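Line order of the protein sequences matches chains A and B.
Numbering-wise, the working numbering puts 133 at position 41 of the first sequence, and it's gapless, one number per residue.
Numbering-wise, the working numbering puts 77 at position 28 of the second sequence, and it's gapless, one number per residue.
The beta carbon of each residue, even a glycine, is placed where N, CA and C say it ideally should be.
From a predicted model like this one, the values you see are computed outputs, not experimental measurements.
Take a look at the structure set out below.
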Amino acid sequence: MTTANMNNPISGAKESNRFHWFKYAAPNNFYDLAGRLIPWVTVIAVLLTIVGMYIGFFVAPTDFQQGDAYRIIFLHVPAAWMSMFIYMVMAFWAALGLAFNTRMSSMMASALAPTGAMFTFLALWTGALWGRPTWGAWWVWDARLTSELILLFLYIGFMALQASIDDVRRADKAGALIALVGVINVPIIYFSVQWWNTLHQGSSINMKSAPTMAKTMLLGMLIMALAFWAYTIAITLYRARCIVLEREQQSDWVKAAGEKL
Amino acid sequence: MMYWNTWSDFFAMGGYALYVWGSIIVVAGFMVAEIILVRLRRKTVLRQIAAIGAPRTRRST
Numbered sequence: 093m094t095t096a097n098m099n100n101p102i103s104g105a106k107e108s109n110r111f112h113w114f115k116y117a118a119p120n121n122f123y124d125l126a127g128r129l130i131p132w133v134t135v136i137a138v139l140l141t142i143v144g145m146y147i148g149f150f151v152a153p154t155d156f157q158q159g160d161a162y163r164i165i166f167l168h169v170p171a172a173w174m175s176m177f178i179y180m181v182m183a184f185w186a187a188l189g190l191a192f193n194t195r196m197s198s199m200m201a202s203a204l205a206p207t208g209a210m211f212t213f214l215a216l217w218t219g220a221l222w223g224r225p226t227w228g229a230w231w232v233w234d235a236r237l238t239s240e241l242i243l244l245f246l247y248i249g250f251m252a253l254q255a256s257i258d259d260v261r262r263a264d265k266a267g268a269l270i271a272l273v274g275v276i277n278v279p280i281i282y283f284s285v286q287w288w289n290t291l292h293q294g295s296s297i298n299m300k301s302a303p304t305m306a307k308t309m310l311l312g313m314l315i316m317a318l319a320f321w322a323y324t325i326a327i328t329l330y331r332a333r334c335i336v337l338e339r340e341q342q343s344d345w346v347k348a349a350g351e352k353l
Numbered sequence: 050m051m052y053w054n055t056w057s058d059f060f061a062m063g064g065y066a067l068y069v070w071g072s073i074i075v076v077a078g079f080m081v082a083e084i085i086l087v088r089l090r091r092k093t094v095l096r097q098i099a100a101i102g103a104p105r106t107r108r109s110t
């Protein structure tokens with residue numbers, strides 16, 4: 093038996109170039125891959141943030157209706173997009189973990205939750221700071237804001253439930269149920285501005301028509317969205333590596349790696 | 050490329066300084082805090098691993 097086979101706990105099968113994806117379902121392989129990816133993704137996140145903020149604050153013009161208050165958009169919209177998108181990805185990994193009992197999938201779901209909760213809070217926070225000067229209110233109970241608040245509670249519920257169950261595999265399964273039930277809230281948030289009369293404005297960009305904003309504004313917003321993506325990938329991989337180590341402390345590959353972790 | 054006439058114009062944000070900078074500072078603060086927390090988490094688990102690993106490697110040699 094070769095060392096490659098011994099390092100692969102999911103199967104004793106021969107190492108083959110064909111099973112790339114399943115290879116990284118093994119926590120030790122994931123751990124190595126993530127460790128190699130994180131520096132690159134971090135550099136991309138930093139560069140995109142610099143470019144995006146520069147365009148947003150030095151190139152994009154003042155809005156003729158909202159003045160400079162609109163510049164909150166460069167953080168608000170990307171944060172709100174991430175809050176919804178991370179939830180979908182989290183639910184996807186949780187479902188995979190539930191269906192196929194793959195440990196790494198569940199660990200990815202757990203790694204995503206805190207960052208998703210953070211972006212949800214930041215979407216609400218920047219929204220409040222934007223709502224005050226434009227609507228005259230920090231908060232209103234309209235459909236968009238309320239459903240986004242529910243999203244924050246779903247994230248908190250997922251994390252609290254997982255933290256309250258000692259057996260990690262059972263915690264994964266319970267968390268997956270919350271994550272899957274809560275998925276219904278994501279389209280509700282997204283379409284809330286169409287389905288109900290909301291104080292919150294409709295989407296500035298959609299699939300059907302041309303964007304209703306200046307090109308530089310749109311560019312700054314999209315680059316900031318990509319920056320938040322890269323940030324999320326980097327921090328999630330980093331946290332997933334921590335979770336792998338926490339759960340696999342007793343395993344042979346962790347002991348063998350020792351100082352090289 | 051500079052859009053603002055003076056730096057004080059930039060910091061004033063057309064009278065919306067509280068809202069714009071209040072957003073940026075909190076977003077940046079949360080991200081920095083998250084990075085610090087996740088690094089602490091890694092340090093903690095590495096210390097745990099070192100604590101359980103050390104005696105065993107000594108025994109095996």
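- In this structure, the CA atom of residue 91 of chain B is about 9 Å from the CA atom of residue 335 of chain A.
- Beta-bridge analysis with DSSP links residue 159 of chain A to A/155.
- Annotation: the segment 214–286 of chain A contains the following complete segments of the alpha helix (DSSP H) (minimum length 4 residues), in chain order: 235–256 and 260–274.
- With the rule of 3 Cβ pairs closer than 8 Å, the segment 164–178 of chain A does not count as touching the segment 114–134 of chain A.
- Straight-line measurement puts the Cα of residue 259 of chain A at about 44 Å from the Cα of residue 145 of chain A.
- Check the Cα spacing between residue 288 of chain A and each of A/325, A/239 and A/319: the tightest is with A/239.
- Not flagged as an interface residue toward chain A: residue 60 of chain B, since no C-beta distance is shorter than 8 Å.
- Ranking A/326, A/315, A/117 and A/227 by CA distance to the CA of residue 197 of chain A puts A/117 first.
- Among the CB atoms of chain B, none fall inside 8 Å of the CB of residue 228 of chain A.
- Contacts with chain A at 8 Å (Cβ-Cβ) do not include residue 57 of chain B.
- Per DSSP, reduced to three states, the secondary structure at residue 52 of chain B is coil, with no helix or strand assignment.
- Residue environment: residue 345 of chain A is assigned as buried (16 or more neighbouring CB atoms within 10 Å of its CB, all protein chains considered).
- In the DSSP assignment, residue 62 of chain B falls outside any alpha helix (DSSP H), carrying neither H nor E.
- Listed along chain B, no residue sits closer than 7 Å to residue 274 of chain A by beta-carbon distance, the nearest being about 22 Å off.
- Per DSSP, residue 351 of chain A is not a residue of any alpha helix (DSSP H), being assigned neither H nor E.
- Following the DSSP letters along the chain, one finds residue 338 of chain A inside the alpha helix (DSSP H) bounded by residues 307–339.
- Put simply, the backbone Cα of residue 222 of chain A is about 33 Å away from that of residue 89 of chain B.
- Contact annotation: residue 353 of chain A and residue 98 of chain B have beta-carbon atoms nearer than 8 Å.
- Only residues of its own chain outside the window of five on either side were considered, and among them 144, 166 and 170 have a CB closer than 6 Å to the CB of residue 316 of chain A, listed in chain order.
- With contact defined as three or more Cβ pairs closer than 8 Å, the segment 221–236 of chain A and the segment 183–198 of chain A are not in contact.
- Residues of chain B with a Cβ closer than 7 Å to the Cβ of residue 160 of chain A are, in chain order, 62, 63, 65 and 69.
- Neighbours of residue 85 of chain B across chain A, judged by C-beta separation under 8 Å, do not exist; the nearest C-beta is about 11 Å away.
- Considering only A/115, A/124, A/232 and A/348, the residue with the shortest C-alpha distance to residue 194 of chain A is A/115.
- Scanning its chain for C-beta atoms nearer than 6 Å, with the 5 sequence neighbours on each side dropped, one finds around residue 320 of chain A the residues 170 and 174, in chain order.
- Note on residue 351 of chain A: under 16 other CB atoms within 10 angstroms of its CB, so exposed under the neighbour-count rule.
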